[in-house]
Amino acid sequence: MSLSRGEFSSRLGFVLAASGSAVGLGNIWGFPTQAASHGGAAFLMMYVVMAFCLAYPVLMAELIIGRHAKANSVAAMSVISNNSFSRKLGASIGFLGIVTSSLILCFYSIVAGWMISYLFASLANILGLNDIAMWFTKLGVVGNALFVLIFLMFTAIIVSSGVKQGIEKWSARLMPLLLIILLMLIGYVLTLDGAVDGLKAYFLPDFKQVLDPNLMVKAMGQAFFSLSLAVGTMLIYGSYINKKENLVVLGCAVTLVDITIAVMAGLLILPAMYVAQHNGIVIYDEAGLLIAQDKLIFTVLPALFDTMGVVGAFASLAFFLLMTIAALTSSISMLEVPVAYAVETYTVNRNYIVWLIASIIAVLALIVVCNFKLLFGFVVTLTTGYSQPLLGLALCIFTGWMWHRNKILLEISQGYPNVEHSLFWKVWPFYIRYVCPAAIIMVFGQQIFN
Ligand code: TRP
2 MSLSRGEFSS RLGFVLAASG SAVGLGNIWG FPTQAASHGG AAFLMMYVVM AFCLAYPVLM
62 AELIIGRHAK ANSVAAMSVI SNNSFSRKLG ASIGFLGIVT SSLILCFYSI VAGWMISYLF
122 ASLANILGLN DIAMWFTKLG VVGNALFVLI FLMFTAIIVS SGVKQGIEKW SARLMPLLLI
182 ILLMLIGYVL TLDGAVDGLK AYFLPDFKQV LDPNLMVKAM GQAFFSLSLA VGTMLIYGSY
242 INKKENLVVL GCAVTLVDIT IAVMAGLLIL PAMYVAQHNG IVIYDEAGLL IAQDKLIFTV
302 LPALFDTMGV VGAFASLAFF LLMTIAALTS SISMLEVPVA YAVETYTVNR NYIVWLIASI
362 IAVLALIVVC NFKLLFGFVV TLTTGYSQPL LGLALCIFTG WMWHRNKILL EISQGYPNVE
422 HSLFWKVWPF YIRYVCPAAI IMVFGQQIFN
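Under my numbering, the first residue of the sequence shown is numbered 2, with each subsequent residue one higher.
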């Protein structure tokens, strides 16, 4: 089996693909809106702490397990187990991860579909086709369904080409493009009147909020989602890393890229909100709270672009292109989780299985689209609010308590011979054994009791 498995062609290839997975709607939409509504820099600070102290250790666990087993998440979780009971338990955890990843892709593709429709709307606006542009922004169920299918189709096309030719190649093309568009948009927005107020709101922390338990819950959830943790995405990408690579450094690089892009997205979105306010657009709701989430991206920003004439139309196009790219490099990593499992377990043709699984996910997504009010929020909460933290907890417990320390050390040493004397090895084993599980339980408990 391992002979026919894909592998990233280089260190950079992995970093781009894994950063592509990490950097997504969570960074460019989720992070800035959370920061805007949770005390600006207070959220930023807590997010950085959570990302490094909680998410990075879990990311490392996934990368190490994946590369050790060189297999899909079900097989990998049983490889690190030491008796028949824990093997079964491990396999179930791996399998739940696969289901969760597929369900996340379900709602993610719906949101990504909106981004594509707004992308088309911007294009129509530039061409002066205002009625058509209007149609794209006021989609009914059929329109929504269409764009979900288009997005999943692109995802499937890339994944069907395999690890090197599909995932790595497209991440390497799209990630630099994403960075360029983001930088251009930031540069532009910062020149507009009102942007400085946004910077103030972003960088002046509301210290009262720093230790607010609710902010911690949000920051942890955001860090887990943003680093694509606990469902096997990073485990499977880890399984495609060559044995001579230094996992500690690679994991650090991915975490840094993820945080950097989130912080940069804040530099775009928060100033844009205040520029919008400067142009007379309402950004506070009746309760005096900052408008967040869907209203921000689909109401405030388009209204802002509208006030800026031709330049605004191009800015809008660039923005929704940015969102679509970010979503695509993430969705391919979600689809790879069930695909890798099916290919390796049933030894079926990759192309066939990609389209089969993408079709199943498309059907589920269409069911959600048709019952949006009833199901959308439910699927989001079930997967990101419950499944992800609980699977993360299980992953820490398996790595910290079931897997033999020396075997872990041996695995990391292959690409990092001196790891035994490194700061990483002094801290991480303790972290993954005690600190991460305790912190996840505390934060998760806090969420349940609220
Ligand atoms: N991290 C991505 C984002 O920030 C989304 C993502 C990709 C994800 N793979 C995942 C989230 C696996 C949870 C689990 O948008």
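For glycine and all other residues, C-beta sits at the position ideal for the given N, C-alpha and C. Computed from a predicted structure; not experimentally measured.
Rounded to whole angstroms, the separation of the alpha carbons of ILE368 and THR256 is 34 angstroms. With fewer than 16 other beta carbons inside 10 angstroms of its own, LYS89 counts as exposed. Burial is judged here by how many other beta carbons sit within 10 angstroms of a residue's own beta carbon; LYS219 has at least 16 and is buried. Distance check between ALA113 and each of ILE29, MET443, TRP136, THR346 places ILE29 closest, using alpha-carbon atoms only.
Taking C-beta atoms as the reference points, LEU55 and MET221 count as a pair closer than 8 angstroms. These are the residues, in chain order, with a beta carbon less than 6 angstroms from any non-hydrogen atom of ligand 1: SER22, ALA23, GLY25, LEU26, GLY27, ASN28, SER102, ILE105, PHE226, SER227, SER229, VAL232, THR234, SER331, SER334, MET335. Assigned with DSSP and collapsed to three states, TYR342 falls in helix. Sequence-distant Cβ neighbours of ASP259 in its own chain, meaning closer than 8 angstroms and more than five residues away, are SER20, ALA23, VAL24, ASN28, ALA52, SER227, LEU228. In the DSSP assignment, the residues bridged to TYR285 are LEU291. Taking C-beta atoms under 8 angstroms as the contact rule, LEU153 and ALA359 qualify, at a distance of about 5 angstroms. Taking the Cβ atoms as the reference, MET61 lies roughly 25 angstroms from LEU180, outside the contact range of under 8 angstroms. With 16 or more other Cβ atoms from the protein chains shown falling within 10 Å of its own Cβ, ILE111 counts as buried. Straight through space, the alpha carbons of SER79 and SER87 are spaced by roughly 7 angstroms. If you compare the alpha carbons of PHE32, MET335, GLN389 with that of ALA157, the shortest gap goes to MET335. Distance between LEU120 and TYR285, taken at the CA atoms: about 26 angstroms.
Inter-residue distance for LEU290 and LEU302 is about 17 angstroms (C-alpha atoms, whole angstroms). Spanning the alpha carbons of VAL16 and LEU424 requires a straight line of approximately 22 angstroms.
In the displayed model, ILE81 falls within coil according to three-state DSSP, outside both helix and strand.
In this structure, DSSP gives GLU246 a state outside helix and strand, which the three-state scheme calls coil.
With contact defined as three or more Cβ pairs closer than 8 angstroms, the region 413 to 421 and the region 231 to 249 are in contact.
Between the alpha carbons of ASN451 and MET443 lies a gap of roughly 12 angstroms. SER38 and LEU212 have their C-alpha atoms spaced approximately 15 angstroms apart. In the three-state scheme derived from DSSP, where H, G and I count as helix and E and B as strand, TYR241 is classed as coil.
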